[in-house]
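*Asks:* Here my numbering = 1-based position in the sequence shown + 551. For every residue, glycine included, the Cβ atom is placed at its ideal position computed from N, Cα and C. Here the structure is a predicted model, which means the values were calculated and not measured.
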Amino acid sequence: MDNALEKVGLLGFDDVPGKALSSGQRRRILLAFILLAQADLWILDEPLTALDVQGVDLMETMILEHRAGGGSVIFTTHHGMALDGNMRSVTLGRQSPQPAVA
């Protein structure tokens, strides 16, 4: 666990109550959980929300490292991410309501 906390910049925070952490620190705790889970597939909903610039860099690095190790990542985001390599994206837009049929 210490390795995961160190990787996300929160080593020494293991005794701090969650309510005392900032929203960005709470997001970093979730990143540590992702590392500890050792899952092949990560499904992330808005992983950059509440992260500062360093947190965004960390998330991007974690995704790249996970993919380099053979893992897969599915995520939603409204932010641009500096990811390279074999990546596919789907852009969803608003659909206009269908007109009523008379």
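#1: Is it buried or exposed for LEU643, if we count other Cβ within 10 angstroms and need 16 for buried?
#2: Reducing DSSP to helix, strand and coil, say where PHE584 ends up.
#3: Jot down the residue ranges of each uninterrupted beta strand (DSSP E) in the stretch 572-640, minimum 3 residues, whole runs only, in chain order.
#4: For ALA601, which residues from the same chain have a beta carbon less than 6 Å from its beta carbon, with the 5 sequence-adjacent residues on both sides left out?
#5: For the alpha helix (DSSP H) holding LYS570, just list the boundary residues, first then last.
#6: Taking all protein chains shown into account, do 16 or more other C-beta atoms lie within 10 angstroms of the C-beta of PRO598, making it buried, or fewer, making it exposed?
#7: Suppose contacts are defined by Cβ-Cβ distances below 9 Å. Is LEU634 in contact with LEU615 by that definition?
#8: Look up LEU556 in the DSSP assignment and say whether it is helix, strand or coil.
#9: ALA583: buried (16+ other C-beta within 10 angstroms of its C-beta) or exposed?
*Replies:* In short, the structure shows the following:
#1: LEU643 comes out exposed.
#2: helix
#3: 592-596 and 623-627
#4: SER574, GLY575 and ARG578
#5: Segment: none, LYS570 is in no alpha helix (DSSP H) and carries neither H nor E.
#6: buried
#7: yes
#8: helix
#9: Of the residues assessed, ALA583 falls on the buried side of the cut-off, its CB having 16 or more other CB atoms within 10 angstroms.
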